[in-house]
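Here full-length UniProt numbering is used: position 2 in the sequence shown is 2, and no number is missing along the way. The beta carbon of each residue, even a glycine, is placed where N, CA and C say it ideally should be.
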Amino acid sequence: MTEDLTVAAGEVVITGNVGDDIRVAAGNLTFNGDAGSDLALFTGDTVIGREALIGGVLAFSAGQMEMLGNVTWDLTGSAGTMVMGGNVGGDAELQSGNLEVLPGARIEGDLRYTAPERIEVPAGVVGGEIYYNMMSDGNSEIGAFVVLWWIASFLALILIGLVLLAIWPDRMQRLARKTSDSPGRAFLTGLVVVIAAFVISVVLMLTIIGIPFGLIILVMTIILLYLARIITGLWLGRWMFTKMGRVQRPWVELLFGLFALLLVSAIPVIGWLVSLAATLIPVGNLAEETRRRF
């Protein structure tokens, strides 16, 4: 498979080669394949086998994690229980209530870990520095809050997206199709629109008479930024199914597209860039469509 792979299931086993990114949400995952780029996981129990090769970053959130494979770049994530026995070409940033680093493992860069207490790291495992951060009850609460927030965001986007598809099916699908038309121009247009909206709202709120108008513009802008991700999710879902040679109902495309979008947005470093583009491109397209109408 030469393109991205996004899968959600109770149990997933991957042994083949995928040319680009892999995103998995599953109860149980066994990975012994080859990911050409990043591997993003939201799982219960995970085993990354010794034959596994990840060409980019491995980012994960798991109940139990056994990492025995090979990661070309960085390893980052959290797990209730984790065994680290593989090879990492960059840095490793880990959070776990029960972390074990096996002899024979190798981290070329730094190891940063958060745990209830310091662990014994075998000699020769870490090529850089080792940094320890004590896990507190606050860390656990924050981790649980992040997971709950992720699930709540996904469900809210799905619910609102389904309502919008039911009310404006043609317009939603038309805006989704435009996502891949001149994305660079749409991104810049969206950026200008958002900045202008925030500046105007702030200026209006500096005057007593303008406060309600400024608040209205601010609230409408925030709502628009939120809804823009639904349009991108619909486009992404359609693109994924098109690559697989399959045609699905719009609501199915929306479901899988939003899931993939939220999963990619959780990847360190590139996640915020993806999220920014997913938000501003639809805003730019909507602004262009509105300008042409008037």
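Cβ pair residue i, residue j closer than 9 angstroms
{"i": "residue 95", "j": "residue 81", "result": "no"}
{"i": "residue 87", "j": "residue 109", "result": "no"}
{"i": "residue 205", "j": "residue 211", "result": "yes"}
{"i": "residue 172", "j": "residue 250", "result": "yes"}
{"i": "residue 76", "j": "residue 58", "result": "yes"}
{"i": "residue 287", "j": "residue 179", "result": "no"}
{"i": "residue 277", "j": "residue 169", "result": "no"}
{"i": "residue 217", "j": "residue 200", "result": "yes"}
Chain-order list of residues whose beta-carbon lies under 8 angstroms from that of residue i (same chain, five-residue window excluded)
{"i": "residue 254", "result": "158, 161, 162, 165, 230, 233, 234 and 237"}
{"i": "residue 247", "result": "241"}
{"i": "residue 118", "result": "132"}
Residue i at chain C interface by Cβ criterion, 9 angstroms
{"i": "residue 127", "result": "Any reference to chain C falls outside this structure, which holds one protein chain only."}
Close Cβ partners of residue i (< 6 angstroms) along its chain, the five nearest in sequence each way excluded
{"i": "residue 37", "result": "20, 21, 55 and 56"}
{"i": "residue 102", "result": "85"}
{"i": "residue 10", "result": "27"}
{"i": "residue 39", "result": "22, 54 and 58"}
{"i": "residue 228", "result": "279, 282 and 283"}
{"i": "residue 30", "result": "13 and 47"}
{"i": "residue 34", "result": "17 and 53"}
{"i": "residue 42", "result": "25 and 61"}
{"i": "residue 120", "result": "none"}
{"i": "residue 74", "result": "57, 90 and 91"}
{"i": "residue 252", "result": "none"}
CB-CB length for residue i against residue j, believed under 8 angstroms
{"i": "residue 45", "j": "residue 28", "result": "5 angstroms"}
{"i": "residue 284", "j": "residue 198", "result": "Not confirmed; about 16 angstroms, so no contact."}
{"i": "residue 264", "j": "residue 23", "result": "6 angstroms"}
{"i": "residue 25", "j": "residue 256", "result": "Rounded, the Cβ-Cβ distance is 11 angstroms, inconsistent with contact."}
{"i": "residue 244", "j": "residue 6", "result": "Not really, about 10 angstroms apart at Cβ, beyond 8 angstroms."}
Nearest to residue i (by Cα), restricted to the options the options
{"i": "residue 83", "options": "223, 72, 89 and 104", "result": "104"}
{"i": "residue 112", "options": "130, 118 and 100", "result": "130"}
{"i": "residue 127", "options": "135, 92 and 246", "result": "92"}
{"i": "residue 149", "options": "209, 217, 59 and 262", "result": "262"}
{"i": "residue 202", "options": "214, 191, 194 and 16", "result": "214"}
{"i": "residue 223", "options": "279, 259, 74 and 272", "result": "279"}
{"i": "residue 174", "options": "154, 13, 282 and 184", "result": "282"}
{"i": "residue 67", "options": "48, 59, 293 and 58", "result": "48"}
{"i": "residue 52", "options": "225, 17 and 41", "result": "17"}
{"i": "residue 176", "options": "289, 191, 119 and 121", "result": "289"}
{"i": "residue 275", "options": "42, 225 and 60", "result": "225"}
{"i": "residue 380", "options": "184, 123, 107 and 151", "result": "Past the boundaries of the shown model lies residue 380; the chain is included only from 1 to 294, so the question cannot be answered."}
{"i": "residue 298", "options": "74, 78, 293 and 4", "result": "No statement about residue 298 is possible, as the shown extent of the chain runs from 1 to 294 and does not include it."}
{"i": "residue 107", "options": "122, 114 and 133", "result": "122"}
{"i": "residue 114", "options": "120, 125, 133 and 124", "result": "133"}
{"i": "residue 273", "options": "191, 153 and 209", "result": "191"}
{"i": "residue 15", "options": "50, 118 and 247", "result": "50"}
{"i": "residue 4", "options": "118, 125, 242 and 119", "result": "242"}
Other residues of its chain near residue i: CB distance less than 7 angstroms, five sequence neighbours each side excluded
{"i": "residue 72", "result": "54, 55, 56 and 89"}
{"i": "residue 154", "result": "258, 259 and 262"}
{"i": "residue 125", "result": "101, 105, 106 and 107"}
{"i": "residue 271", "result": "264 and 265"}
Practice task
Could you name each continuous beta strand (DSSP E) segment of 3 residues or more that falls completely within the region 50-74, going from the start of the chain to the end?
Solution key: 58-67
Problem - Sequence ranges, beta strand (DSSP E) only - wholly within the region 99-169, length at least 3 - result: 111-115 and 130-134
Exercise for the section: For the region 8-47, list the beta strand (DSSP E) runs that are entirely contained and at least 3 residues long, ordered along the chain. Expected result: 22-31
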